[in-house]
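Sequential numbering from 271 applies to the sequence shown in my numbering. In this text, a Cβ means the ideal position worked out from N, Cα and C, and glycines have one as well. Nothing here was measured: the structure is a model prediction, and the numbers come from that model. Have a look at the structure below before the remarks.
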Amino acid sequence: TRSDIVDVETHIDTRHIVPASRLVSSITGFPVQPNKAIVGANAFAHESGIHQDGVLKHRETYEIMRAEDVGWNTNKMVLGKHSGRAAFKSRLDELGITLADDQALNDAFARFKDLADRKHEIFDEDLQALMNAKKMEAESARYGLSDLSVTSKLGVAPTAHLTLRVDGTEVDVSAQGDGPVDAVYKAIESVANSGSDLQLYSVNAITTGTDSQGEVTVRLEKSGRIVNGLGADTDIIVASAKAYLHALNLIEKPLDKQHPQKSEGI
């Protein structure tokens, strides 16, 4: 940003700063604070009247760099249920997401349309969560979620009913808990009996609005081994179940198939 003062080049592609920050955030389960410089949601937002006036008259007054130069997408085209394949693929290309072939594109577009039926507008963060979910499904070998329902009433312990895929076979389980998420996790553990310890349960709204996808991070520890599971859905209970199952699949994988770091999710 100061090549006029310091004659040094790093050859870093700064357009990957924001995507890299989002990737680290999704892996670790720690959301980026809105007021974080450069990568925070408010980094290029100006609420103060004098700031807005200054930016409108001369952007460099308060911004020494352009948002698009560090990876923020300034394309305001909104994706939704009526968006076509071309617009969908174009946005994936802008986000640096590549697909293997036309079949992979068709599968991704079908998942996008399903999400668009539940959400009015689809943001970049939604697309990234959508593609990450597919990757996690590919990693999930033993446990999967086929169906889930929770009944909850004031003064009565919530009950969760799940249909799980365990080694290719569907299993129906039910459990009660102190809350809907606790009931879901107890139902899963009644089948898995993993013996793992839940160290972290974190929920983050991927975008704004009441129809936003919720992204859940679950951290499990077993015999000194730590993994992070991720799940995203417009239904936070479903997202919680997906995250827990993802973590279970990771913690039961042989170590030789995992990243050499102690914490596979980091």
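Straight-line measurement puts the Cα of V436 at about 6 Å from the Cα of R412.
Secondary structure remark: continuous alpha helix (DSSP H) runs of at least 4 residues inside the segment 327 to 403, in chain order: 355 to 364 and 372 to 388. In the DSSP assignment, E279 falls outside any beta strand (DSSP E), carrying neither H nor E.
Distance from the CA of V473 to the CA of T487, rounded to the nearest whole angstrom, comes to 7 Å. Each residue's CA atom was taken as its position, placing D396 and G499 some 18 Å apart.
Judged by DSSP secondary structure, I496 falls outside any alpha helix (DSSP H) and instead within the beta strand (DSSP E) spanning R495 to D503.
For the segment 438 to 509, the continuous beta strand (DSSP E) assignments of 3+ residues that do not extend past its boundaries occur at 439 to 446, 467 to 475, 484 to 492 and 495 to 503, in sequence order. Here P304 has G310, A311 and N312 as same chain residues with Cβ atoms under 8 Å from its own Cβ, once five neighbours each way along the sequence are excluded. One alpha carbon belongs to A370, the other to V340, and they sit about 27 Å apart. Nearest neighbour of K306 by Cα position, chosen from S291, D274, L415 and R336, turns out to be S291. Exposed is the label assigned to S493, since fewer than 16 other Cβ atoms lie within 10 Å of its Cβ.
When the beta-carbon positions are compared, S444 and T421 stay at least 8 Å from each other. In terms of Cα proximity to S353, the closest of I392, T480 and P289 is I392.
Counting along the chain, the unbroken beta strand (DSSP E) around A427 starts and ends at V426 to V436.
Listed as beta-bridge partners of V420 by DSSP are A430. N519 has its alpha-carbon roughly 19 Å from the corresponding atom of D452.
Note on I275: under 16 other CB atoms within 10 angstroms of its CB, so exposed under the neighbour-count rule. Secondary structure note for V309: it is in no alpha helix (DSSP H), with a DSSP letter that is neither H nor E.
Rounded to the nearest whole angstrom, the CA to CA distance from D283 to P289 is 11 Å. By DSSP's assignment, L293 forms no beta bridge with any residue.
When the Cα atoms are used, K456 and Y471 turn out to be separated by approximately 14 Å. Of the candidates I506, D467 and K359, D467 places its Cα closest to the Cα of E491.
In chain order, F379 place their CB closer than 6 Å to the CB of R355, counting only its own chain and leaving out the 5 sequence neighbours on each side.
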